[in-house]
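Peer 1: Below: one structure in structure tokens.
Residue numbers (the working numbering), protein chains in the order written: chain U, 1 to 298; chain V, 1 to 427.
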């Protein structure tokens with residue numbers, strides 16, 4: 001019984017972490033049709049910025065609780081600066097080209113950002129461990145979980161609900177849906193598509209950076225940490241359906257639970273479990289679980 | 001005619017000065033430099049804990065060798081008087097790229113020898129190519145025992161002990177220091193290094209402690225970074241000791257995530273490559289953790305003249321203590337120097353390789369003997385100890401050294417067979 005609880009709890013924590021990453025990736029794809037290969041680098045940059053900001057805060061002898069604020073500020077700083085710079089400075093020149101070209105462009109960006117990280121932070125690892133243990137632990141039988149994991153779950157739920165509200169309940173969200181369905185018609189009706197793209201990309205970038213900043217206290221921030229994440233985030237959104245927000249949520253939960261079950265019951269197949277789940281879903285729903293039907297253009 | 005712009009004038013001036021520089025007479029060299037290609041991770045996750053310290057070790061040693069400042073028996077300048085020149089290559093990028101880089105080093109950059117490779121995969125891929133190109137190649141750090149157990153080479157050597165040594169010694173140390181040990185668990189990365197390490201440890205424990213049970217063997221993907229579920233499984237398993245050959249960011253993450261969840265209060269962690277993490281994590285390493293350094297390196301290095309010199313020179317230069325990959329690199333370069341000087345003047349790969357076979361040479365980690373793998377594989381003693389933080393500073397207690405013969409198979413015997421035989425001295 002305790003193992004079942006552990007599988008569920010571990011699965012949900014892992015799924016929450018994945019969802020934050022996948023949400024940013026899927027919203028960029030949904031609106032802009034860009035499979036952003038640089039998403040993992042933006043996650044890494046969020047983690048590096050968080051380690052730097054929170055490290056400086058704690059070294060300055062300030063209240064440890066303030067380090068959470070620093071994690072948030074670091075994510076916003078990375079997202080709000082790099083999002084517009086990349087979208088205006090690079091991506092806008094490639095709109096209207098084939099999706100493959102955009103994959104290549106963002107792959108190039110990924111390589112550039114990886115080197116940028118090396119240039120700024122070197123190859124050494126960075127730690128900010130305080131925020132992880134600061135809130136204490138919760139006990140479940142023989143198991144013990146840091147309260148910080150609950151913060152990650154709450155952050156993921158808040159991001160999911162916030163995005164849902166933003167897309168379906170605000171004027172801007174309705175404009176976004178219009179652009180998703182038909183970019184040309186939206187532009188003809190007077191929607192500023194350029195601005196929608198700018199805001200969407202910045203939002204996606206910020207979500208990647210939030211993912212990195214939230215992860216930073218639990219790992220050592222090292223070069224190459226973004227590579228693994230991008231592969232997992234792709235698996236999640238492919239299962240859920242590219243561009244679908246509920247799909248990203250369900251995909252994250254499936255991947256989280258499958259991986260957690262594998263770790264507890266069959267550790268030798270952990271490596272393969274996520275991709276097995278992906279293959280299984282794609283065998284029955286080749287375009288993922290939640291792909292919205294596309295409007296036919298005449 | 002349009003007057004030249006300022007930019008063009010500057011460009012022409014620059015180009016002419018380059019041409020003049022190129023024509024400047026170069027001083028006649030007394031001796032032709034000996035070129036070594038050094039391959040180590042300079043980017044990616046293995047650069048910080050392994051690749052860069054190894055390069056730093058090479059830089060410290062080569063500069064001092066060229067200046068003739070290394071203590072005896074290495075006081076002669078360079079290699080038998082020939083200055084050493086180093087070409088560094090980044091090991092990142094996978095085996096296919098490394099084979100191309102190796103060919104480039106040998107065929108276009110005309111190096112006289114290659115020292116390199118931290119990844120076992122790279123070592124396995126490079127060995128046959130080195131043989132084909134007949135170029136002396138010394139592996140300095142990779143762990144897999146298979147290189148000289150499954151094949152034999154003329155030009156390929158490894159001047160550090162292989163991974164079987166780490167895990168046999170780990171099992172000896174665990175049974176000795178934790179006499180009540182009943183339950184064992186493992187968490188290792190799911191690729192050659194992690195799988196081989198666990199297999200050797202598990203087999204050794206079966207011999208040394210047949211009544212102990214394996215509760216769980218976790219095999220997460222390399223570079224996973226998130227070990228929440230694995231830590232739950234390990235907590236649930238309630239083992240007395242958890243074996244792990246994790247390294248780099250994965251090892252840091254396991255310690256940082258397991259610590260707050262009380263994992264290391266419940267079970268003793270046994271980290272075969274843990275020494276590389278101690279330099280950065282320091283007091284984050286839980287008290288009682290068993291730390292290996294893949295030989296008498298780093299904090300476990302002996303108190304000899306060479307070590308005093310190397311540690312001092314490295315610390316002066318980088319304001320950090322050298323870790324085990326730095327020591328491994330020094331072993332390789334000193335092995336090459338010893339063989340070169342034994343071989344005589346010419347220094348062709350063939351002669352130096354013949355001289356390196358079965359050679360014994362001194363290093364900051366003590367004497368290295370090329371005793372197994374037909375004289376191509378080194379054996380060295382190895383050391384384990386337990387971490388204890390005293391006044392905020394990490395120290396090591398219960399340090400125990402195992403002689404090389406006790407933790408390495410005899411020549412010509414495969415590690416796995418030797419372990420299964422119950423560590424018989426001769427088979």
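Beta carbons: idealized from backbone N, C-alpha and C, even for Gly.
(1) Could you name the residues of chain U that residue 261 of chain V contacts, counting a contact when the two beta carbons are closer than 9 Å?
(2) Which of the three DSSP states is assigned to residue 380 of chain V in this structure?
(3) Which residue comes first and which comes last in the beta strand (DSSP E) that contains residue 226 of chain V?
(4) Is there a C-beta anywhere in chain U that falls below 8 Å from the one on residue 284 of chain V?
(5) Can you confirm whether residue 219 of chain U, when its beta carbon is compared against all beta carbons of chain V, has any partner nearer than 8 Å?
(6) I'd like to confirm the pairing. Which residues does DSSP put opposite residue 90 of chain V in its beta bridges?
(7) Would residue 127 of chain U count as contacting chain V if we go by Cβ distances under 8 Å?
(8) Counting Cβ pairs closer than 8 Å, one from the segment 41 to 59 of chain V and one from the segment 315 to 327 of chain V, do we hit at least three?
(9) With DSSP collapsed to three states, give me the class of residue 282 of chain V.
(10) Taking Cβ-Cβ distances shorter than 7 Å, what residues in chain U pair up with residue 226 of chain V?
(11) Hey, quick one: how far does the alpha helix (DSSP H) through residue 424 of chain V stretch, first residue to last?
(12) Provide the residue span of the alpha helix (DSSP H) that contains residue 271 of chain V, from first to last.
(13) With burial defined as no fewer than 16 other Cβ atoms inside 10 Å of the residue's Cβ, what is the status of residue 367 of chain V: buried or exposed?
(14) Verify whether the separation of the beta carbon atoms of residue 250 of chain U and residue 290 of chain U is less than 8 Å.
(15) Please tell me whether residue 164 of chain U has its Cβ less than 8 Å away from any Cβ of chain V.
(16) Around the Cβ of residue 428 of chain V, are there at least 16 other Cβ atoms within 10 angstroms (buried) or fewer (exposed)?
(17) Given that residue 220 of chain V touches chain U, what residues does it touch there, using C-beta distances under 9 Å?
(18) Excluding five sequence neighbours on each side, which residues of the same chain lie with their C-beta closer than 8 Å to the C-beta of residue 247 of chain U?
(19) For a contact defined as C-beta to C-beta under 7 Å, what are the partners of residue 257 of chain V on chain U?
(20) Using a cut-off of 8 Å between C-beta atoms, extract the partners of residue 270 of chain V located in chain U.
(21) Is it right to say residue 421 of chain V is buried, meaning 16 or more other beta carbons lie within 10 angstroms of its own, or is it exposed?
(22) Assess contact between the segment 167 to 184 of chain V and the segment 120 to 132 of chain V, defined as three or more Cβ pairs (one per stretch) separated by less than 8 Å. Is contact present?
(23) What do you reckon, are the CB atoms on residue 41 of chain V and residue 92 of chain V nearer than 8 Å?
(24) Taking contact to mean 3 or more Cβ pairs, one atom from each stretch, closer than 8 Å, check whether the segment 295 to 314 of chain V and the segment 373 to 393 of chain V are in contact.
(25) For residue 164 of chain V, collect the residues of the same chain with a Cβ closer than 6 Å to its Cβ; drop the 5 residues on either side in sequence, then sort them by chain order.
(26) Mind the definition here: the segment 126 to 142 of chain V touches the segment 278 to 287 of chain V only if three or more C-beta pairs lie below 8 Å; say whether that holds.
(27) Can you confirm whether residue 190 of chain V, when its beta carbon is compared against all beta carbons of chain U, has any partner nearer than 8 Å?
(28) Just tell me which of V/240, V/274, V/238 and V/241 has its CA closest to the CA of residue 255 of chain V.
(29) Against chain V, does residue 130 of chain U count as a neighbour if the rule is that its beta carbon must be under 8 Å from one of theirs?
(30) Cutting at 6 Å between CB atoms, please list the residues of its own chain near residue 214 of chain V, excluding the five before and the five after it.
(31) What are the boundary residues of the beta strand (DSSP E) that includes residue 252 of chain V?
(32) For a quick check, are the C-beta atoms of residue 157 of chain U and residue 147 of chain U less than 8 Å apart?
(33) Evaluate contact between the segment 237 to 249 of chain V and the segment 11 to 25 of chain U, counting only Cβ atoms and requiring at least three cross-stretch pairs below 8 Å.
(34) For the segment 116 to 132 of chain V, which residues have a beta carbon sitting closer than 9 Å to at least one beta carbon of chain U?
(35) Where do the N-terminal and C-terminal ends of the alpha helix (DSSP H) with residue 118 of chain U fall, by residue?
(36) Helix, strand or coil: which one does DSSP assign to residue 414 of chain V?
Peer 2: To lay it out plainly:
(1) Residue numbering aside, residue 261 of chain V sits at position 261 when the second chain is read from its first letter. Against chain U, the beta carbon of residue 261 of chain V has neighbours under 9 Å at 137, 143, 144, 145 and 146, listed in chain order.
(2) Numbered from its first residue, the second chain carries residue 380 of chain V at position 380. Here residue 380 of chain V sits in coil by DSSP.
(3) Against the second chain, residue 226 of chain V aligns to sequence position 226. Where residue 226 of chain V is concerned, there is no enclosing beta strand (DSSP E), given that its DSSP letter is neither H nor E.
(4) Start at 1 with the first residue of the second chain, and residue 284 of chain V comes out as number 284. For residue 284 of chain V, the answer is yes, since a Cβ of chain U falls inside 8 Å of its Cβ.
(5) The residue you call residue 219 of chain U lines up with position 219 of the first chain. For residue 219 of chain U, a Cβ of chain V is located within less than 8 Å of the residue's own Cβ.
(6) By 1-based counting over the second chain, the position of residue 90 of chain V is 90. The partner list for residue 90 of chain V (beta bridge, DSSP) reads V/40.
(7) As a first step, residue 127 of chain U is located in the first chain; it is residue number 127 there, counting from the start. At least one CB atom of chain V sits nearer than 8 Å to the CB of residue 127 of chain U.
(8) Contact annotation: the segment 41 to 59 of chain V touches the segment 315 to 327 of chain V, with at least three C-beta pairs closer than 8 Å.
(9) As a working note, residue 282 of chain V is residue 282 in the second chain. The answer is helix: DSSP assigns residue 282 of chain V an H, G or I state.
(10) Residue mapping note: residue 226 of chain V aligns to position 226 of the second chain, counting from 1. Taking a Cβ-Cβ cut-off of 7 Å, the neighbours of residue 226 of chain V in chain U comprise 14 and 17, given in sequence order.
(11) Here the question's residue 424 of chain V lines up with position 424 in the second chain. If you look at residue 424 of chain V, you'll find it isn't in any alpha helix (DSSP H); DSSP assigns it neither H nor E.
(12) Translated into positions along the second chain, residue 271 of chain V becomes position 271. It is not in any alpha helix (DSSP H) - residue 271 of chain V instead sits in the beta strand (DSSP E) that spans 268 to 271.
(13) Reading the second chain from its first residue, position 367 is the one you call residue 367 of chain V. A residue is called buried when at least 16 other Cβ atoms come within 10 angstroms of its Cβ; residue 367 of chain V does not meet this threshold and is exposed.
(14) Counting from 1 along the first chain, the entry for residue 250 of chain U is found at position 250. Counting from 1 along the first chain, the entry for residue 290 of chain U is found at position 290. Taking 8 Å as the cut-off, the beta carbon of residue 250 of chain U is found closer than this to the beta carbon of residue 290 of chain U.
(15) Taking the first residue of the first chain as position 1, residue 164 of chain U is located at position 164. Residue-level contact by beta carbon fails for residue 164 of chain U and chain V, as no gap is shorter than 8 Å.
(16) The structure shown does not extend to residue 428 of chain V, since chain V is modelled only from 1 through 427, so no value can be given for it.
(17) Taking the second chain and counting its residues from 1, the one referred to as residue 220 of chain V is at position 220. Simply 263, 267, 270 and 271.
(18) As a position in the first chain, residue 247 of chain U is number 247, starting the count at 1. Excluding sequence neighbours, residue 247 of chain U sits near 26, 237, 239, 240, 241, 288, 289, 290 and 291.
(19) As a working mapping, residue 257 of chain V is identified with position 257 in the second chain. For residue 257 of chain V, the neighbours in chain U by C-beta distance under 7 Å run, in chain order, 218.
(20) Reading the second chain from its first residue, position 270 is the one you call residue 270 of chain V. Contacts between residue 270 of chain V and chain U, judged by CB atoms closer than 8 Å, are missing: the closest CB pair is about 18 Å apart.
(21) Position 421 of the second chain, counted from the start, is the residue given in the question as residue 421 of chain V. Its Cβ having fewer than 16 others within 10 Å, residue 421 of chain V is exposed.
(22) The answer is no - the segment 120 to 132 of chain V does not touch the segment 167 to 184 of chain V, with fewer than three Cβ pairs under 8 Å.
(23) In the second chain, the residue the question calls residue 41 of chain V occupies position 41. In the second chain, the residue the question calls residue 92 of chain V occupies position 92. Cβ atoms of residue 41 of chain V and residue 92 of chain V: closer than 8 Å.
(24) Yes, the segment 295 to 314 of chain V is in contact with the segment 373 to 393 of chain V.
(25) Residue mapping note: residue 164 of chain V aligns to position 164 of the second chain, counting from 1. Excluding residues within five positions, the ones whose Cβ falls inside 6 Å are 145, 200 and 415.
(26) Flag = no, the segment 126 to 142 of chain V and the segment 278 to 287 of chain V do not touch.
(27) If you number the second chain from 1, residue 190 of chain V lands on position 190. At a cut-off of 8 Å between C-beta atoms, residue 190 of chain V counts as an interface residue with respect to chain U.
(28) Here residue 255 of chain V is taken as the residue at index 255 of the second chain, counted from 1. Cα-wise, what sits closest to residue 255 of chain V is V/274.
(29) Here the question's residue 130 of chain U lines up with position 130 in the first chain. When Cβ-Cβ separations below 8 Å define contact, residue 130 of chain U makes no contact with chain V.
(30) Translated into positions along the second chain, residue 214 of chain V becomes position 214. The residues 184, in chain order, have a CB closer than 6 Å to that of residue 214 of chain V in the same chain once the five nearest residues on each side in sequence are set aside.
(31) One-based indexing of the second chain puts residue 252 of chain V at position 252. Note, residue 252 of chain V: premise wrong, no beta strand (DSSP E); alpha helix (DSSP H) at 248 to 258.
(32) Counted from its first residue, the first chain places residue 157 of chain U at position 157. Counted from its first residue, the first chain places residue 147 of chain U at position 147. No, the Cβ-Cβ distance between residue 157 of chain U and residue 147 of chain U is not below 8 Å.
(33) Taking 8 Å as the limit for Cβ pairs, the verdict is that the segment 11 to 25 of chain U does not touch the segment 237 to 249 of chain V.
(34) For the segment 116 to 132 of chain V, which is checked against every Cβ of chain U, not one residue is closer than 9 Å.
(35) Within the first chain, residue 118 of chain U is the residue found at index 118, counting from 1. Note, residue 118 of chain U: alpha helix (DSSP H), 99 to 121.
(36) Locating residue 414 of chain V in the second chain gives position 414, where the first residue counts as 1. Three-state DSSP puts residue 414 of chain V in coil, outside helix and strand.
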